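Numbering (our numbering), first residue to last: 244 to 818. Where a beta carbon is used, it is the ideal one built from N, C-alpha and C, also for glycine. If you're wondering where the values come from, they're calculated on a predicted model, not measured in any experiment. Quick notes on the structure that follows.
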């Protein structure tokens, strides 16, 4: 018995042959501290959880356990927090200082009691699956908490896509910062006033107009809620566009100022999607409604009605009419169609209500208000400048789509008139507002747009070589040289923009000048200045391609050109 007992003991000490075992060093168990933060700071004993500990209870202190400082505590708190509690967190972040500690002091009492109940929650029996999806997709992030939109508005009664007022406020702020100053289809002040008031009978704000604005604004937003399908560039703002489209159909063609504005913005959105034909059709619907209510000189209908309308309506209508006039000329020129639209009935002087002291603030969704600089918006100067360019575009259209079709007009006469239009555009560049640092994007756009018109002028001229008499070789070279210089200048102004602002916030209307310039420079990449300018333009096209399909298609077209050619590039194609 003793021998058997000894064998068992030896076997446990020295086992027989077998597979090698990993020899691990003995590790001492680490003590997990359960002391609260006040006790740690005071270097005193702590009884630990549950809070408050005995020391803090005796001293009437704010007991904050160590684990509460972990990042997971904040999402846990926000997941079920009501609006008031979320607002307290937001104010704590904006106050600065030791943000993490201050947030901990705010949320710990509620976490100690258990998860707070959302006072705004809807009873499960009253909640539809669509509403649940909206709440599920509207996530609260650190970026959102730090985001302070310029304009605070409510989503109801304007949209059914989301219940997130913060998201809608951010989108509206993005639109009026980056898109509106270059188009000015709506009267910003009147629109925001009536949207905040929730006035469904407003002449200046309607559900279809709001949805149209939100669809365009999504191309500037980094939030997942801007996508109808997660991560799909083509789906940015599609949920809002679908809502706008459905609401427009429900209007059954009713002529109103808000419907005209909505159609213009839906046209803009479709053009960003690369749907040029649909874009043109929507814009022509806006034109038709404008003609129906007498916004334009031709046809002469309902003009006397304007005398009975309020000054506010006349101002807003003048702004919309001139914006439609500009957009119609631009799209018709790009598609080589006739504009077929008379000058607006209401004088350009009507837009004097655009405040000369209005400020432009470069808001974006990842900034706080301490970063904002303020510059004069120069909205009226920009509108007057765009109207001046549009008048030149109409003369270009008249030259090539009317006079050039007259067989009695020689190619030399055509060149002479084109040169005259070119000089007019050069004088325009000398007269427009100087660029001050940091520049406002809408003033840069005036310069960029003028050079884009120069490119269109000479491209259209070069297309006329199929006439009986062709241009002289020296004339052809001069036309190409003018296009080349205009493309270089567009790249230069975009570089100025990039020096001061982020690429994801580049106004979408700058895409088409960037595209036309890049295509002009493609054959000249052996030239150093052309190569450098093209590299700059390509960076903008890459940024645009992440935001809307029209730019993505252009980038793919350029990438395919390089893959199919033997041109060596000084940069790698972006994926």
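Exercise. Going along the chain, which residues of its own chain have a beta-carbon closer than 6 angstroms to the beta-carbon of residue 645, five neighbours each way excluded?
Worked result: The count along the chain shown starts at 1 and reaches residue 645 at position 402. Cβ within range, chain order: n/a, list empty.
Exercise. By DSSP, does residue 359 sit in helix, in strand, or in coil?
Worked result: Taking the chain shown and counting its residues from 1, one reaches residue 359 at position 116. Because the pLDDT of residue 359 is 38, which lies under 50, any placement of that residue in the model is unreliable, and the number read from its coordinates should be weighed accordingly. Of the three classes helix, strand and coil, the one that applies to residue 359 here is coil, per DSSP.
For this session: Report buried or exposed for residue 635, applying the criterion of at least 16 other Cβ atoms within 10 angstroms of its Cβ.
Result: To locate residue 635, count along the chain shown from 1; it is residue 392. Classification for residue 635: buried.
For this session: Under the assumption that residue 779 contacts residue 734 (Cβ atoms under 8 angstroms), give the Cβ distance between them as a whole number of angstroms.
Result: Sequence index remark: in the chain shown, residue 779 carries index 536 (1-based). Sequence index remark: in the chain shown, residue 734 carries index 491 (1-based). So it is a contact: roughly 5 angstroms between Cβ atoms.
For this session: Spatial neighbours of residue 448 within its chain, please: CB distance less than 6 angstroms, with the 5 preceding and 5 following residues excluded, ordered by chain position.
Result: Mapped onto the chain shown, residue 448 falls at position 205. Around residue 448: 434, 437 and 438.
Exercise. In three-state DSSP terms, what is residue 579?
Worked result: In the chain shown, the residue the question calls residue 579 occupies position 336. In the three-state DSSP reduction, residue 579 falls in the coil class, being neither helix nor strand.
Problem set entry | Own chain partners of residue 569 with C-beta closer than 6 angstroms, once the 5 adjacent residues on each side are dropped | The count along the chain shown starts at 1 and reaches residue 569 at position 326. Taken in chain order, the residues that qualify are 629 and 633.
For this session: Have a look at residue 459 and residue 423 and give me their C-alpha separation to the nearest angstrom.
Result: The residue given as residue 459 occupies position 216 in the chain shown. The residue given as residue 423 occupies position 180 in the chain shown. Roughly 10 angstroms between the two C-alpha positions.
For this session: To the nearest angstrom, report how far apart residue 721 and residue 699 are at their CA atoms.
Result: In the chain shown, counting from the first residue as 1, residue 721 sits at position 478. In the chain shown, counting from the first residue as 1, residue 699 sits at position 456. Roughly 14 angstroms between the two C-alpha positions.
Exercise. Can you tell which of 581, 694, 561 and 556 has its C-alpha closest to the C-alpha of residue 527?
Worked result: Against the chain shown, residue 527 aligns to sequence position 284. Per the Cα distances, 581.
For this session: With a 10 Å radius around its C-beta and 16 neighbouring C-beta atoms as the bar for buried, classify residue 637 as buried or exposed.
Result: Counted from its first residue, the chain shown places residue 637 at position 394. Of the other Cβ atoms in all chains shown, 16 or more fall within 10 Å of the Cβ of residue 637; this residue is therefore buried.
For this session: Determine the burial state of residue 306: buried for a count of at least 16 other Cβ atoms within 10 Å of its Cβ, exposed for fewer.
Result: In the chain shown, the residue the question calls residue 306 occupies position 63. If you draw a 10 Å sphere on the C-beta of residue 306, you find 16 or more other C-beta atoms in it, and that means buried.
For this session: Rank 540, 281 and 737 by C-alpha distance to the C-alpha of residue 749 and give the top, closest one.
Result: Here residue 749 is taken as the residue at index 506 of the chain shown, counted from 1. Residue 737 is the option with its Cα nearest to residue 749.
Problem set entry | Backbone CA spacing between residue 586 and residue 618 [nearest angstrom] | If you number the chain shown from 1, residue 586 lands on position 343. If you number the chain shown from 1, residue 618 lands on position 375. One alpha carbon belongs to residue 586, the other to residue 618, and they sit about 32 angstroms apart.
Exercise. Is the CB-CB distance between residue 760 and residue 776 below 9 angstroms?
Worked result: Looking up residue 760 in the chain shown gives position 517. Looking up residue 776 in the chain shown gives position 533. Result yes, Cβ atoms of residue 760 and residue 776 sit closer than 9 angstroms.
Problem set entry | Nonlocal neighbours in the same chain, by C-beta distance under 6 angstroms from residue 727, ignoring five residues either side | Here residue 727 corresponds to residue number 484 of the chain shown, with the count starting at 1. Taken in chain order, the list of residues that qualify is empty.
Exercise. Mind checking residue 807: buried by the 16 CB within 10 Å criterion, or exposed?
Worked result: Looking up residue 807 in the chain shown gives position 564. A residue is called buried when at least 16 other Cβ atoms come within 10 angstroms of its Cβ; residue 807 does not meet this threshold and is exposed.
For this session: Give every residue of the same chain whose Cβ lies closer than 8 angstroms to the Cβ of residue 556, excluding the five residues on either side of it in the sequence, and list them in chain order.
Result: Within the chain shown, residue 556 is the residue found at index 313, counting from 1. For residue 556, same chain residues with a beta-carbon under 8 angstroms away, outside a window of 5 residues either side, are 446 and 500 in chain order.
Exercise. The alpha helix (DSSP H) spanning residue 453 covers which residue range?
Worked result: Here residue 453 corresponds to residue number 210 of the chain shown, with the count starting at 1. Where residue 453 is concerned, the enclosing alpha helix (DSSP H) stretches over 450 to 460.
Problem set entry | Three-way DSSP call (helix, strand, coil) for residue 536 in this model | Counting from 1 along the chain shown, the entry for residue 536 is found at position 293. In the structure shown, the three-state DSSP call for residue 536 is coil.
Problem set entry | Unbroken alpha helix (DSSP H) run spanning residue 447, endpoints | For the purposes of this step, residue 447 is taken as residue 204 along the chain shown, with counting starting at 1. From DSSP, residue 447 is part of no alpha helix (DSSP H); its letter is neither H nor E.
Exercise. Residue 479 lies in the alpha helix (DSSP H); which residues open and close that run?
Worked result: The residue given as residue 479 occupies position 236 in the chain shown. Segment: none, residue 479 is in no alpha helix (DSSP H) and carries neither H nor E.
For this session: Please classify residue 398: does DSSP put it in a helix, a strand, or coil?
Result: Sequence index remark: in the chain shown, residue 398 carries index 155 (1-based). In this structure, residue 398 counts as coil in the three-state DSSP scheme.
Problem set entry | Separation of residue 480 from residue 465, as counted between CA atoms | The residue you call residue 465 lines up with position 222 of the chain shown. The residue you call residue 480 lines up with position 237 of the chain shown. If you draw a straight line from the Cα of residue 465 to the Cα of residue 480, it comes to about 12 angstroms.
For this session: Would you grab the beta carbon distance between residue 605 and residue 616 for me? Rounded to a whole angstrom, and I think it's under 8 angstroms.
Result: On the chain shown, position 362 is the one that residue 605 refers to. On the chain shown, position 373 is the one that residue 616 refers to. With 8 angstroms as the limit, residue 605 and residue 616 qualify as a contact, their Cβ atoms being about 7 angstroms apart.
For this session: Consult DSSP for residue 809 and reduce its assignment to one of helix, strand or coil.
Result: By one-based count along the chain shown, residue 809 stands at place 566. The three-state secondary structure of residue 809, taken from DSSP, is coil.
For this session: Would you decide whether residue 297 is buried or exposed? Buried here means 16 or more other CB atoms lie within 10 Å of its CB.
Result: Here residue 297 refers to the residue found at position 54 of the chain shown. It is exposed - the Cβ of residue 297 has fewer than 16 other Cβ atoms within 10 Å.
Exercise. Is the region 498 to 517 touching the region 467 to 484, taking contact as three or more C-beta pairs under 8 angstroms?
Worked result: Touching, yes.
Exercise. Does the region 399 to 418 come close enough to the region 531 to 538 that 3 or more CB-CB pairs lie under 8 angstroms?
Worked result: Three or more Cβ pairs closer than 8 angstroms define a contact, and the region 531 to 538 falls short of that threshold against the region 399 to 418.
Exercise. DSSP state of residue 299, grouped into three classes?
Worked result: Residue mapping note: residue 299 aligns to position 56 of the chain shown, counting from 1. Secondary structure of residue 299 (DSSP, three-state): helix.
Exercise. Run through DSSP, which three-state label would residue 279 get?
Worked result: Position 36 of the chain shown holds residue 279. Strand at residue 279.
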